[in-house]
Amino acid sequence: MLRRFALAAVFLCSAVPSLASAQSSHLRTGGMNIEMFRPAIDSRGHLTVNGTDIMPENRLSFGLVLDAGFNLLQFDGGVNDDREEGGTTRHIVDQAITGTIMVNVGIANWAVVGIQVPIQVINGEAVLIPGAYGWSNNDPATGPIRGLSYQGLGDISLHGKVRLLRAERDPVGLAVVARLGLPSGSDRRFAGDPGVSLWPSVVMEARTRSDESMGGISRIRFSLEFGYRAVFGRGATFPIYGETQVTPGQMGLVSTLTSPGTNLRYDDLMTFGAGASFRLARTLDLVTEIYGTQIASEIGTRGALSLEALLGFKLFVQDHSYLMFGAGAGIPTNPDGRGAQAAQWRAMLAFIYEPPIGDRDGDGIMDDIDDCPNDPEDFDQFLDEDGCPELDNDNDGILDDVDDCPLIPEDFDNDNDDDGCPEGNNSDRDGDGIPDDVDECPDQAEDRDGFQDEDGCPDLDNDEDGILDTDDMCRDVPEDIDAFEDEDGCPDTDNDHDRILDVDDECPDEPETYNGTSDEDGCPDEGSVIFDDNSLIILDKIYFETNSAQIMSRSNAILDAVAATLRGNPQIRLIEVQGHADERGNDQHNLRLTQDRAASVVEALVQRGVPRDRLRSAGYGELCPVNPAHNRDAYEENRRVEFKVIETDEGPTGVQVACDAALNLQQ
């Protein structure tokens, strides 16, 4: 069979330029498309069964799929000549070879559209059917006894797919596929439908959790697809399973019907398939499928149900580019044999190419989420996530590189209008967010350390004990200067051991919570970190460098507060630091990035004195959004760090660590 497949492939390539059909047998009335093997529409499917994943926005993929089916439309037509003693040809179609060229493009990260162009070679030896003498007959199925021969286009198909549920986040993935077939093939020679066809289908997919040892890919994917192909044209009525006996007659050979077989009328098709892919290695998939068709108007008729099974492999050369090959056979569906469209044997070979996502402007933001893929982001902490340079952040017409107040627009009041800063009562020369009319130090930025931040002046020594805050362990409580550990900046008379002198401690017998807010009063309170049941709730975000796990310096204050809370609450035995991302970007990249960011927060807390054995980290990518919308506000809200208390002195808390969609990451 492999030799026949190779010869057929060479013949197909030589036949492509002509796109013409030979003079041969053909259906006299109506038409039929013998081809049941239809490749999955894009690079995310199995063999014929589609998947629910979608290519990223503007991503292209290309493919060439070659398949060969042997021995279709079973009919024992007598020949009885010198070539074969008393012989019969067992099938009206001996070989059906198809080469399919396909192109796809991703749209908006939720849809894909494309085209498939098949080129076919169909051959069959002569089958003599009763109703004629000699080497010709008037049977509506096969026409002249010369046999079947066709080389040319099949039906061109335009298609689209829309993803409704994501398999990596929801319990199952869900997508809808629509294909529009154009009657460009010869329906009289089994190479196309007798008219335009419309083929909608629904795809469901389930998968195991991603496996880092396999490059972050799920080891097992399973898909089901159900559809209905409506054909707007007159289908042929053709024989199947019949048998004739040929004997000499007065005018040549005479065919006598010895078994009537079944007459089928080609019509709309119900389609179905199940496919499973098993990741054997980082670059190798084992794929198995069973798929079929049922002529809708012929339910219960012999031959109307066609089934095939395939086994194949995918050898990946890039993330979604691969060489694919496989083979299979038709499955008998009744005592007489296989269905009308099922081949006795089938083999296929394909190459699918999907170029990797690039970063043309080199700004670290991938092109599929970069609003300006040809212009690098300027990373000035203003709208840095969109990938576009903001040359004039405040849109006052003064470029940022010469604008003294790049985030505050000039008021153009004829007073120093070229410096980019407003000179009215609401101006802010030092850019600390406090208007100059209430800023006691308008030319010195407030240090924002939680101590007298409203006056606009930097407080380098909050407690005025002569020890700078950077070296002062008790920066809001003055050192008592008693020649005992005076260099640490903390008083040493402290009943509750909260580092606040009893004379200044409003709650001398209750230790301070150390949550970064009002830590100088010595009393437990709530501030920027709240210990609520089984979670630590932070009222400020932890910021990272774009596409990085590097924590930005602006987050030092909230990290200090979290560390203070953990140091002051030793009853917390174990806490999980969680990283979450928005839905943009590659799913596996988002998962790894959130894992790295959570680990960075753990390291920052360890550096601030929190024992490592009280901390663990986890990243959940985009699986657990708190805002399901698809806009900038939702993206900002979904990019976050959370803290879950796993265990206290009293034992496990029983807190639900992850959302339902991410529970498999905990297994």
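According to my numbering, the residues represented by the sequence shown are 916 to 1582, in order.
Even glycine gets a Cβ: it sits at the ideal position worked out from N, Cα and C.
Check                                                                                                            : Outcome
Among Lys1456, Asn1024, Arg953, Asn1019, nearest to Arg1512 - alpha-carbon criterion                             : Lys1456
Pick from Ala1211, Leu1095, Asn1430, Arg1555 that is closest to Ala1478, judged by C-alpha positions             : Asn1430
Rounded C-alpha distance that separates Asp1564 from Gln1486                                                     : 5 Å
Counterpart residues of Ile1396 in DSSP-defined beta bridges                                                     : Paired residue(s): none; Ile1396 is not in a bridge.
Rounded separation between Leu1089 and Val1027 - CA only                                                         : 14 Å
Cα-Cα separation, Ala1255 to Ile1155                                                                             : 7 Å
Span of the beta strand (DSSP E) around Arg1512                                                                  : Looking at the DSSP string, Arg1512 is not in any beta strand (DSSP E); the run it does join, the alpha helix (DSSP H), is 1502-1522.
Alpha-carbon to alpha-carbon, His1006 and Asp1502                                                                : 49 Å
Straight-line Cα distance separating Pro1270 from Asn995                                                         : Its pLDDT being 38, under 50, Asn995 is placed unreliably in this model, and the value from its coordinates should be taken loosely. Each residue's alpha carbon lies about 56 Å from the other.
For Leu1383, three-class secondary structure by DSSP                                                             : coil
Straight-line Cα distance separating Glu1421 from Asn1505                                                        : 47 Å
As assigned by DSSP and simplified to three states, the class of Asn1377                                         : coil
Collapsed DSSP secondary structure at Asn1546 in the structure displayed                                         : coil
Boundaries (first-last residue) of the beta strand (DSSP E) holding Asn1038                                      : 1026-1039
Three or more C-beta pairs below 8 Å linking the stretch 1444-1463 and the stretch 1401-1415                     : no
Own chain partners of Asp1319 with C-beta closer than 7 Å, once the 5 adjacent residues on each side are dropped : Asp1334, Gly1335, Cys1336
Thr1385 classed as buried or exposed, judged by whether at least 16 other C-beta atoms fall within 10 angstroms  : exposed
Whether Ser1116 touches Ala1145 by CB criterion (9 Å)                                                            : no
For Leu981 and Gly1014, believed in contact at Cβ under 8 Å, the rounded distance                                : 5 Å
Residue of Glu1223, Val1091, Gly1100, Val1036 minimising C-alpha distance to Gln1066                             : Val1036
Which of helix, strand or coil DSSP assigns to Ser1112                                                           : strand
Sheet register partners of Phe1558 (DSSP bridge)                                                                 : Leu1451, Val1492
C-beta neighbour in chain B for Glu972, strict 9 Å                                                               : The chain inventory of the structure shown lacks chain B, comprising one protein chain alone.
Bridge-paired residues (DSSP) for Met1185                                                                        : Tyr1143, Gln1209
Best match in Tyr1550, Asn1579, Arg1469 for proximity to Pro1540 [C-alpha to C-alpha]                            : Tyr1550
DSSP state of Asp1564 mapped onto helix, strand, coil                                                            : coil
Whole-Å CB distance - Val1077 paired with Val1091, under 8 Å assumed                                             : 5 Å
Own chain partners of Gly1190 with C-beta closer than 6 Å, once the 5 adjacent residues on each side are dropped : His961, Val964, Ser1138, Glu1204
Alpha-carbon to alpha-carbon, Arg1531 and Phe1446                                                                : 18 Å
Integer Cβ distance of Ala1151 from Gly946, believed to fall under 8 Å                                           : 6 Å
CA-to-CA distance, Cys1389 to Leu1416, given in whole angstroms                                                  : 10 Å
Exposure label - Phe1105; buried when at least 16 CB within 10 Å                                                 : buried
Reference Gln1259; option with closest CA among Val1556, Ser1133, Asn986                                         : Asn986
Neighbourhood of Cys1228 by C-beta, 8 Å cutoff - its chain only, sequence neighbours within 5 removed            : According to the sequence shown, residue 1228 is Phe rather than Cys. Closer than 8 Å at the Cβ level, and outside the excluded window around Phe1228, lie Leu1199, Asp1200, Leu1201, Val1202, Met1239, Phe1240, Gly1241.
Euclidean distance between Cα positions of Asp1391 and Asn1546                                                   : 42 Å
Backbone CA spacing between Asp1009 and Met951 [nearest angstrom]                                                : 15 Å
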